[in-house]
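Below is one structure; the comments refer to it alone.
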Amino acid sequence: MSELTAFFSGEPTELIASELLGKTLRYQTNQGVMSGYITEAEAYLGQNDSAAHAFQGKRTPSNEALYRDPGTIYIYSIHGRYMFDIATQEAGVPQGILVRGLEPVEGIEIMRQNRPREGYELTNGPGKLMQALGIQDKALNLISLDEAPLTIQLTGKIPAKVGESSRIGVSQNGNGTLLPLRYFVAGNPYVSGMRKREMDLENRGWK
DNA sequence: CTCCCGATTGTCT
DNA sequence: GACAATCGGGAGG
0 MSELTAFFSG EPTELIASEL LGKTLRYQTN QGVMSGYITE AEAYLGQNDS AAHAFQGKRT
60 PSNEALYRDP GTIYIYSIHG RYMFDIATQE AGVPQGILVR GLEPVEGIEI MRQNRPREGY
120 ELTNGPGKLM QALGIQDKAL NLISLDEAPL TIQLTGKIPA KVGESSRIGV SQNGNGTLLP
180 LRYFVAGNPY VSGMRKREMD LENRGWK
């Protein structure tokens, strides 16, 4: 079992989601390398979670990746934007984590070409970070992070404080939808909806 | 092939 | 903080 496979299984998905904060997302393209620290993530807990795509065991060609091995990339689109998820837990257990924020480290100029916005507007949202990376299709869907040009390195930063909240865009009436399954680096500007006065512009929420 | 709609974003108040 | 735009894709016939 690879290091990533082990990381994305073996403990509850919500714990994995919080531990994902500060890890490095890295994407190798023919434009160059882009990377950044994950600042925000949400856990989706499969068949018992009414907000999850696999609620009640729903399984279709589009959400197939959730049922695959831990570390499988799950890309889907909504509102005409692309989202990046990672399957967690052993094959057959359709849980996953949605990556919602990224603090750019390498390849910022490439990102700005893909998405011409200034500062934290570049990657402070799930659709925004995908646009910045230049991922506008599902070519990487169903591929393992171990084999894709898009991968995660288990090195990076440690959050000084992890914030929690209910998940964004999830209607608040259903099984599990009230749970605080969204995790973010408190004070980091590259977190969706972070208010200006709550931003820690000096350390950006890292230790 | 049609009908439907959302794990969003940006813009305006 | 509210709301409309928008669009691809997915589910089902």
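Letter by letter, the first sequence follows residues 0 to 206 of numbering that gives the first Met the number 0.
Ideal Cβ positions, reconstructed from N, Cα and C, are used throughout, including at glycine.
For a test of the three-state rule: what should DSSP assign to Ile134, helix, strand or coil?
coil
Grab the span of the beta strand (DSSP E) containing Ile109 for me, first residue to last.
Where Ile109 is concerned, there is no enclosing beta strand (DSSP E), although the alpha helix (DSSP H) it sits in stretches over Ile107 to Asn113.
Anyone know if the C-beta pair for Met33 and Gly106 falls short of 7 Å?
yes
Element boundaries [alpha helix (DSSP H), containing Ala90]
Boundaries cannot be given for Ala90, as no alpha helix (DSSP H) includes it and DSSP labels it neither H nor E.
To the nearest angstrom, how far is it from the Cα of Glu13 to the Cα of Leu177?
14 Å
I'd like the span of the alpha helix (DSSP H) that includes Phe6, first residue to last.
First-last of the alpha helix (DSSP H) with Phe6: Glu2 to Phe6.
Whole-angstrom distance between Leu101 and Glu39, CA atom to CA atom
7 Å
When we look at the beta-carbon of His78 and count the other beta-carbons within 10 Å, is it buried (16 or more) or exposed?
Burial check for His78: the Cβ neighbour count within 10 Å stays below 16, so the residue is exposed.
Suppose the cutoff is 8 Å on Cβ atoms and the five residues either side in sequence are ignored; what does the same chain contact list for Glu41 look like?
If we look at Glu41 and ignore the five residues flanking it on each side, its Cβ neighbours are Ala16, Ile96, Leu97, Arg99, Arg166, Ile167, Leu180, Arg181 and Tyr182.
I need the DSSP call for Thr12, collapsed to helix, strand or coil.
helix
Please name the residue in Leu144, Leu139, Asn140 and Ser164 whose C-alpha comes closest to that of Phe7.
Leu144
What three-state label does DSSP hand Ser170 in the structure shown?
coil
Supposed contact pair Gly162 and Ala138 - C-beta distance, whole angstroms, cut 8 Å:
Going by Cβ atoms, the distance from Ala138 to Gly162 rounds to 33 Å, so no, they are not a contact pair.
Exposed or buried, what is Gly91 when buried is set at 16 or more other beta-carbons lying within 10 Å of its beta-carbon?
The Cβ neighbour count for Gly91, taken over all protein chains shown within 10 Å, is under 16; the residue is labelled exposed.
Sort Asp68, Leu200 and Lys160 by Cα distance to Ser1 and report the nearest one.
Asp68
CB of Lys160 within 7 Å of CB of Trp205, strictly
No, the Cβ-Cβ distance between Lys160 and Trp205 is not below 7 Å.
Under a Cβ-count criterion, where at least 16 other Cβ atoms within 10 Å of its own Cβ denotes burial, should Ser191 be classed as buried or exposed?
buried
Around the Cβ of Gly21, are there at least 16 other Cβ atoms within 10 angstroms (buried) or fewer (exposed)?
buried
Can you check DSSP and say which residues form a bridge with Gly35?
Leu24 and Pro103
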